[in-house]
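Asker:
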Amino acid sequence: MSFCSSMLMKPERTCYEYERKEGSQACPQCKTRYKRVKGSPRVEGDEEEDEIDDLEHEFDYGNIEASSFTQVVGAMPSGRGGHAGSTGSATSSKNDSSSQGLEFPLLTYGEEDVQISYDQHAIIVPPFASQGNGIHQTPAGHQHLVCVHTRSMVPEKDIALYGYGSIAWKERMEEWRKRQNHKLQVVKHQGDNDGELDPDLPMMDEGRQPLSRKLPISSSKISPYRLIIILRLVVLGFFFHYRILHPVPDAYGLWMTSVICEIWFAVSWILDQFPKWYPIERETYLDRLSLRYEKEGRPSELADVDIFVSTVDPMKEPPLITANTVLSILAVDIQLTKSCAMCQMMVQPCLLLKHFQRHPNLLENGFHSREYDEFKVRVNRLVAMAQKVPEDGWTMQDGTPWPGNNVRDHPGMIQLFLGHDGLRDVDGNELPRLVYVSREKRPGFEHHKKAGAMNALVRVSAVLSNAPYLLNVDCDHYINNSKALREAMCFMMDPTSGKKVCYVQFPQRFDGIDRHDRYSNRNVVFFDINMKGLDGLQGPIYVGTGCVFRRQALYGYDAPVRKKPPSKTWTNIASSPPVSQEKLEKRFGQSPVFVASTLRENGGIPDKVNLTSHLKEAMHLISCGYEDKTEWGKEVGWIYGSVTEDILTGFKMHCHGWRSVYCIPKRPAFKGSAPINLSDRLHQVLRWALGSVEIFLSKHCPIWYGYGGGLKGLERFSYINSVVYPWTSIPLLVYCTLPAICLLTGKFIVPEISNYASIIFMALFISIAATGILEMQWGGVGIDDWWRNEQFWVIGGVSSHLFALFQGLLKVLAGVSTNFTVTSKGGDDGEFSELYVFKWTTLLIPPTTLLIINIIGVVVGIADAVNNGYDSWGPLFGKLFFAIWVIMHLYPFLKGLIGKQDRVPTVILIWSILLASIMTLVWVRVNPFVSRDGPILEICGLNCDE
């Protein structure tokens, strides 16, 4: 009696169905045709089978396994040692296979198994069996054995790898089914109150359900937008072809200057436009997050988050605003151990946090309007008391001087206010830890401003809590959506795509801005159009606040590489060799406790930790000299070298292959305050532009840095645009001056316009308008916000960007640091009284000068046309349109100068008139458009003697 060995080992179902559908439909050794298993799809040749599909038990593999074995193995009762009590042929085995009581046969390796009882059946594979192919006969003397084809097997390995031949495999399969059934859940969309399932939501294994999804912009909106961009490029090609081939002979200098400016504007537009080619939106599923990580009856598996609040000047950043931010953090709707680290150089925050410690009822029970008013009174009283500094400085309770009396020379300070004394909220949850941190300050050390403060907080939090995720907010940006962190966790903790996400950026929304948003403080175009476009590439840039980070990404590690599927040879992928302790300390600094925390990918600290010793280690981590000879600020943490450390830090992460995510919840996640008067707004833009200039002149400039890494091409375009835009101030200032020069001299930057030129100019203006309209459509931006953004692009370009460019050149090339001070002159009372506050600053001079000379040019041009008659109005039209375009863009600036007053401030008027007069005198003295041979006299054709 003989059997084919491949029939003893039931093939895997997928291989079985593939062989029946695509292969020979037969066993490769005995050539026996595979019989169709119930539930399997029919193939050609199955028509003669009269069995009916059992759809109810289609995937009941247990029945399939039993039926498969009963078709090939006979009932062979064996005694101990394998001696058969009776033998039978293959025919008899086939007839007996219908027995329902037959169990799976046990498989041994050429010897008796003492654990096999007499009532069990066994198949013994003799060690002398041939290794060749074919069917083997039972040798003499071993009539009781079933001789089968053998193959090399390792008993230590799971026998399920080699076939279905053991009872243990069946038990493991049953356990696996139980686990799968436990995971299988029907999930409903958040907000479904009627209990009905969303038909678009697949009923799948809960472990496979994504926590978020991309929502591409509708093709009816994005396709015309892309088409208009291509058409605009074509029109630009025809435009420059006409401009270059048609110079103006009598105003060659004006023509050449205008063409250079227009080429720069076109390049700047390309850098800004193409990163918006793939805009997307995202949707999160908070219910799935809870089902995955907050199962009923089990402890929450959501990761911890450390939250940083940075503040520096209690005069510009009132402590009450910081208190509101802290309260909003402590009220977040998530069961996490939050470490709220605060960096402050003054004494007021410490008094403020002590107030939280002495009045925990504010955090335990919440408070209503009256309680909050009382809270504000107490905080303001503390602030007023702290401002009256004694002559000898503040003293401690024991009479020793307060270490923070000198804000530029003091030791590091760390104080725990909550989270260590067992205080709990109304639900019985322990209050999160609240920590005050002030790093050491000494003369002669570079402290790197906000970037250095954030790096100090990263190190301190690593030894106190070491949460795998970090949230940083400015002191004036409170959490407006209690589920904001849950929104971020939908991306960070997604098992399919979360591992490559370095940070989740939320848009900035603001309170206290007037309805018209005169100076584009909301920055809606950037947050609702540009950032959505970047999210479709490699992710948005980091904007400095409202951002949840992955701690491992801040440590300068590369993004995880997607593992390739295992090869057919089952070769294991070798893990990277461990890094030595010496290299880690050279990278992160001389702190074994902190270095050990960096190796914990999922964060956390050991269970038994001495808090006192870790606080001492934290004091060492915030000392002035800790970062010396390390990679902090170079490859680790927030990157140094620019006042806009946010752009540089995000850029380095993207170069390491990470991607970021832009999350826009329906309810704004964070809200803050913005400078609404003109001077403060210009100084804010000045600081941003100065940081871009510093990055442009550094080794981290995206034009030449980061090639060969993980940065995508269009993402690089956006970073290049973010550091190049201050240089646009020079051509913009020159271009805004050209209309006045043309009106005063009677020259123009283009020759007499033909029909062909008119068509090109009209097509260009229409394409610009169409691009803006379609952007507003898919971005959800109103026309008022779009127009305010265009206006302030000109206002900031000819003022803040220009000053930032020269200041950055002086700072980087000559080492000269120049500061522009702002002094208040006063303001009016009212809801938006700060909007009308006027503060003198030199940033106001260039745009005021442009306004004056263009208005003068319009007056002179109209007067000249009136004097010269009807024929002069035609050439004047283009010049007037050019000048009015400049005046309309500077109109919000003019309103900001006047405010509620009846006249422009005298100091601005004097400076602007003086500068305009000097420019006019110089122009009259050195006029490049007048012939050096004297005026050109032409015969007018009139006889004056008659």
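In case it helps, the numbering used here puts the sequence shown at residues 30 to 975.
Where is the CB? At the ideal position from N, CA and C, for every residue including glycine.
Check whether the Cβ atoms of cysteine 56 and tyrosine 314 lie closer than 8 Å to each other.
Answerer: Contact flag unset, no.
Asker: Does the beta-carbon distance from alanine 513 to alanine 332 come in below 8 Å?
Answerer: Contact: no.
Asker: Residue range of the alpha helix (DSSP H) that threonine 313 falls in?
Answerer: Here threonine 313 belongs to no alpha helix (DSSP H); instead the beta strand (DSSP E) covers 309 to 313.
Asker: Take glutamine 444 and list the residues in its own chain whose beta-carbon comes closer than 6 Å to its own, dropping the five residues that flank it on each side.
Answerer: Tyr465
Asker: Nearest-angstrom Cα distance between glycine 433 and proline 440?
Answerer: One C-alpha to the other measures close to 8 Å.
Asker: Between the C-alpha atoms of glycine 742 and isoleucine 542, what's the straight-line distance to the nearest angstrom?
Answerer: Rounded to the nearest whole angstrom, the C-alpha separation of glycine 742 and isoleucine 542 is 37 Å.
Asker: Alpha carbons only, please: which of Lys663, Thr574, Leu905 is nearest the one belonging to lysine 700?
Answerer: Thr574
Asker: Could you tell me the alpha carbon to alpha carbon distance between glutamine 534 and proline 304, rounded to whole angstroms?
Answerer: 17 Å
Asker: Mind checking which residues open and close the alpha helix (DSSP H) that includes valine 889?
Answerer: It spans 874 to 897 - the alpha helix (DSSP H) in which valine 889 sits, taken as one unbroken run.
Asker: Assuming isoleucine 749 and glycine 679 form a contact by the criterion Cβ under 8 Å, report the distance between their Cβ atoms to the nearest whole angstrom.
Answerer: Not quite, the Cβ-Cβ distance comes to about 14 Å (not below 8 Å), so this is no contact.
Asker: Only counting the same chain, and skipping five residues up and downstream in sequence, which positions put a Cβ closer than 6 Å to that of asparagine 484?
Answerer: Trp661, Gly666, Trp667
Asker: Helix, strand or coil for cysteine 176? Go by DSSP, reduced to three states.
Answerer: Caution is warranted here: a pLDDT of 46 is assigned to cysteine 176, below 50, making its placement in the model unreliable, and the coordinate value is therefore given only provisionally. Of the three classes helix, strand and coil, the one that applies to cysteine 176 here is coil, per DSSP.
Asker: With distances taken between CB atoms, is the gap from phenylalanine 794 to alanine 280 smaller than 8 Å?
Answerer: no
Asker: So what does DSSP say about lysine 681, is it helix, strand or coil?
Answerer: helix
Asker: Do histidine 683 and valine 1 have their beta-carbon atoms positioned less than 8 Å apart in this structure?
Answerer: What is shown of the chain runs 30 to 975, which leaves residue 1 out entirely.
Asker: So leucine 318 and leucine 240 are in contact, right, with Cβ under 8 Å, and what is the actual spacing, rounded?
Answerer: Beta-carbon to beta-carbon, leucine 318 and leucine 240 are separated by about 6 Å, close enough to satisfy the 8 Å threshold.
Asker: My understanding is that alanine 482 touches tyrosine 532, with C-beta atoms under 8 Å, so please give their C-beta distance in whole angstroms.
Answerer: The Cβ separation is near 18 Å, so there is no contact.
Asker: Rounded C-beta distance between proline 768 and phenylalanine 911? I'm assuming under 8 Å.
Answerer: 4 Å
Asker: Let me confirm a value: glycine 977 is counted as buried when at least 16 other C-beta atoms fall within 10 Å, else exposed. Which label applies?
Answerer: The shown model of the chain, from 30 to 975, leaves out residue 977, and the question about it has no answer.
Asker: Under DSSP, the beta strand (DSSP E) around phenylalanine 702 begins and ends at which residues?
Answerer: In the sequence under discussion, the amino acid at residue 702 is serine, which differs from the phenylalanine named in the question. 699 to 702 is the extent of the beta strand (DSSP E) around serine 702.
Asker: Measure the CB-CB distance between tyrosine 734 and histidine 477 and report whether it falls below 8 Å.
Answerer: no
Asker: Quick check: is the beta carbon of leucine 743 nearer than 8 Å to any beta carbon in chain B?
Answerer: Looking at the structure shown, chain B is missing, and only one protein chain is on hand.
Asker: Compute the Euclidean distance between the alpha carbons of glutamate 707 and alanine 833, then round it to the nearest angstrom.
Answerer: A quick correction: the sequence has leucine, not glutamate, at residue 707. Each residue's alpha carbon lies about 17 Å from the other.
Asker: Can the beta-carbon of alanine 352 be found closer than 8 Å to that of isoleucine 508?
Answerer: no
Asker: How would you label lysine 561, buried or exposed, when you count the other beta carbons within 10 angstroms and need 16 or more for buried?
Answerer: buried
Asker: Report the rounded CA-to-CA distance for isoleucine 797 versus leucine 500, giving the unit in angstroms.
Answerer: 39 Å
Asker: What do you get for tyrosine 785, buried or exposed, if any count of 16 or more other CB atoms within 10 angstroms of its CB means buried?
Answerer: exposed
Asker: Pull the bridge partners of asparagine 552 from the DSSP assignment, please.
Answerer: Paired residue(s): none; asparagine 552 is not in a bridge.
Asker: Looking only at its chain, what residues have a beta carbon closer than 6 Å to the beta carbon of lysine 840, apart from the 5 residues adjacent to it on each side?
Answerer: Ser846
Asker: According to DSSP, which residues form a beta bridge with phenylalanine 578?
Answerer: Looking at the DSSP assignment, phenylalanine 578 forms a beta bridge with Leu499, Tyr532.
Asker: Using only the alpha-carbon positions, how far apart do glutamate 475 and serine 652 sit?
Answerer: For glutamate 475 and serine 652, the gap between their C-alpha atoms comes out near 12 Å.
Asker: In its own chain, which residues sit with a C-beta less than 6 Å from the C-beta of alanine 799, not counting the 5 before and 5 after it?
Answerer: Around alanine 799: Ile257.
Asker: Decide if asparagine 883 is buried, meaning its Cβ has at least 16 other Cβ atoms within 10 Å, or exposed.
Answerer: By the neighbour-count rule (16 or more Cβ atoms within 10 Å), asparagine 883 is buried.
Asker: Measure the Cβ-Cβ separation of proline 627 and tyrosine 655 and say whether it is below 8 Å.
Answerer: Note that residue 627 is threonine in the sequence shown here, rather than proline. Result no, Cβ atoms of threonine 627 and tyrosine 655 do not sit closer than 8 Å.
Asker: So, at 6 Å on beta carbons, what are the nonlocal neighbours of proline 921 in its own chain, with the 5 sequence-adjacent residues on each side left out?
Answerer: Arg547, Gln820
Asker: Return the CA-CA distance between tryptophan 756 and isoleucine 916, expressed in angstroms with no decimal places.
Answerer: 22 Å
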